[in-house]
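Okay, so here's the structure we're looking at.
Residue numbers (my numbering): 1 to 134.
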């Protein structure tokens, strides 16, 4: 399974993107995403991960107490997950999923994550998951 995250708004305090699944017809929209800024301006502010292609494993998250996608081999980072949340205060560099109907936030995040996890579980057995962050 190939996921594509296209960052569409790189703002001072956040980054908004769109998540797609690549299929035989092209890219199918899944949801919006929220990340920290790509170039933090404040001391202590978290930073979005570098653009690139990453393998993804669905593993148990002790922090969230659920199975979540984990991006592997992110340069200089560990524990980067795709999870629920609404604002950049809910992420330390991870990718939050939802609907971007409020400036600088995503809403309906829990419902969106549930739908994404269902999609990941329904992929053919043994099929690898990759995400390309643009």
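Beta carbons: idealized from backbone N, C-alpha and C, even for Gly.
Model, not experiment: these values are computed from the prediction.
If we count the other Cβ atoms within 10 Å of its Cβ and call it buried at 16 or more, is residue i buried or exposed?
i	result
residue 36	buried
residue 84	buried
residue 8	exposed
residue 63	exposed
residue 124	exposed
residue 81	buried
Please state whether DSSP places residue i in a helix, a strand or coil.
i	result
residue 25	coil
residue 41	coil
residue 91	coil
residue 115	helix
residue 81	strand
residue 72	coil
residue 7	strand
Kindly indicate if chain D contains any beta-carbon less than 9 Å away from that of residue i.
i	result
residue 23	Looking at the structure shown, chain D is missing, and only one protein chain is on hand.
With a threshold of 7 Å on Cβ separation, who are the neighbours of residue i within its own chain once the five nearest residues in sequence on each side are excluded?
i	result
residue 107	86, 98, 99 and 101
Would you please state the rounded distance, in angstroms, between the beta carbons of residue i and residue j? I believe it to be under 8 Å.
i	j	result
residue 16	residue 33	7 Å
residue 73	residue 55	7 Å
Within the same chain, show all residues whose beta-carbon is closer than 6 Å to that of residue i, passing over the 5 residues directly before and after it, in chain order.
i	result
residue 104	14
CB-CB under 8 Å to residue i, same chain, minus the five flanking residues each way: which ones, in chain order?
i	result
residue 134	4, 5, 6, 7 and 51
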